[in-house]
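Under this note's numbering, the first residue of the sequence shown is numbered 22, with each subsequent residue one higher.
Just so it is clear, CB atoms sit at the ideal spot from N, CA and C, and this is done for glycine as well.
Note that the structure is predicted; figures quoted are calculated from it, not measured.
Comments concern the structure below.
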Amino acid sequence: MSDPLHDAWRRCRQAIDDVAGPGRRVVLVAASKAQPLARVRALAAAGQRDFGENYVQEALARIAGCADLDLVWHFIGPLQSNKAREVARHFDWLHSLDRDSLLDPLDRHRPAASGPLQVLVQVNIDGEAGKSGCAPQQVPALADAVAARPNLRLRGLMAIPRPDPDPARRRAAFAAMAALFADLRARHPEADTLSMGMSEDWPLAVAEGATLVRIGSALFGPRPAKAAAAQD
Ligand SMILES: *Cc1c(COP(=O)(O)O)cnc(C)c1O
């Protein structure tokens with residue numbers, strides 16, 4: 022029996038394994054923003070375990086609708102301070118920690134029973150104005166601050182490089198992230214995750230050392246028109 026979503030997932034998982042090469046397992050996070058609950062459940066039935074969400078309100082409905090499944094939820098969108106509590110309560114991972122002011126609410130609202138929230142520091146690697154992510158030179162201090170919080174666990178770095186049409190420049194941004202990640206690991210050997218690469222550019226990211234890719238449209242097809250940004 023063939024199901025287009027299952028087939029897309031199998032192809033994507035296989036392609037990632039092929040680029041990664043033998044003995045290297047890259048985590049695939051399915052970016053499920055704006056997808057109906059039924060599509061998320063269908064992908065979970067195919068074997069997908071990690072899901073990434075951008076909008077808190079929308080995500081909470083999907084998380085509740087999958088409460089009977091053993092899934093891992095990643096918050097990958099920009100995080101507003103007033104949403105930190107919901108993220109701390111309902112997610113397993115946060116990919117977008119980019120400022121000190123989020124540390125208190127995240128640490129304070131993380132339920133003890135959930136264990137620590139797994140945290141990645143988001144870096145604005147291209148230095149684009151108005152984009153989320155801290156400056157590369159802020160990474161060490163922010164990483165130290167995460168590691169000092171009992172209810173947060175520092176796991177690594179995340180970036181969304183500018184979608185530069187020139188693959189060499191994109192690749193350079195991924196390589197710059199890999200260098201920052203190596204520096205981070207020298208200070209924090211427990212950091213094991215470099216989250217970078219999306220549908221259009223994940224092979225470059227994996228070639229440069231991504232340990233986790235976040236893929237939406239290549240799995241689900243084009244996203245349904247969204248009303249989500251307004252809700253959040
Ligand atoms: C939507 C999104 C993705 C996936 O994007 P695609 O191009 O659909 O693969 C990955 N990361 C973040 C932060 C996103 O918002």
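Identity of the residues DSSP links to residue i by a beta bridge
i, result
"GLU74", "PHE96"
"VAL47", "According to DSSP, which records beta bridges pairwise, VAL47 is partnered with nothing at all."
"ARG65", "The amino acid at residue 65 is misidentified as Arg; the sequence shows Ala. Its beta-bridge partners do not exist; DSSP assigns none."
"CYS155", "VAL144"
"ALA52", "GLY73"
"LEU138", "LEU173"
For residue i, the nearest candidate out of the options (CA to CA)
i, options, result
"ASP185", "GLN101, GLY136, ARG83 and ILE146", "ILE146"
"SER238", "ALA228, GLY98 and GLU221", "GLU221"
"LEU26", "ALA194, ILE37 and ALA65", "ALA65"
"VAL144", "PHE112, ARG192 and PHE202", "PHE202"
"ASP128", "PRO171, SER135, CYS87 and ASP121", "PRO171"
"PRO157", "ALA200, ASP187 and ALA168", "ALA200"
"GLN101", "ALA162, LEU81 and LEU123", "LEU123"
Beta strand (DSSP E) segment containing residue i, residue limits
i, result
"VAL144", "Element bounds for VAL144: n/a, residue is neither H nor E."
"LEU118", "114-118"
Beta-carbon contacts of residue i that lie in its chain and below 7 Å, excluding the five residues immediately before and after
i, result
"VAL227", "ILE37, VAL40, ALA41, VAL47, GLY218 and VAL234"
"TRP30", "LEU64, ALA67, GLN69 and LEU240"
"MET198", "VAL144, ILE146, LEU178, ALA180, LEU215 and MET217"
8 Å Cβ shell around residue i - same chain, five flanking residues per side excluded
i, result
"VAL50", "ASP71, PHE72, GLY73, HIS95, ILE97, SER216, LEU233, VAL234, ARG235 and ILE236"
"VAL140", "TRP114, LEU115, LEU118, LEU127, VAL167, LEU173, ARG174, LEU175 and ARG176"
N- and C-terminal bounds of the alpha helix (DSSP H) containing residue i
i, result
"PRO126", "124-130"
"GLN101", "No alpha helix (DSSP H) contains GLN101, which DSSP labels as neither H nor E."
"LEU90", "Run containing LEU90: none; DSSP gives neither H nor E here."
"ASP28", "25-41"
"PRO161", "160-168"
Exercise. Whole alpha helix (DSSP H) runs in the segment 171-251 with 4 or more residues, listed along the chain?
Worked result: 188-208, 223-228 and 238-241
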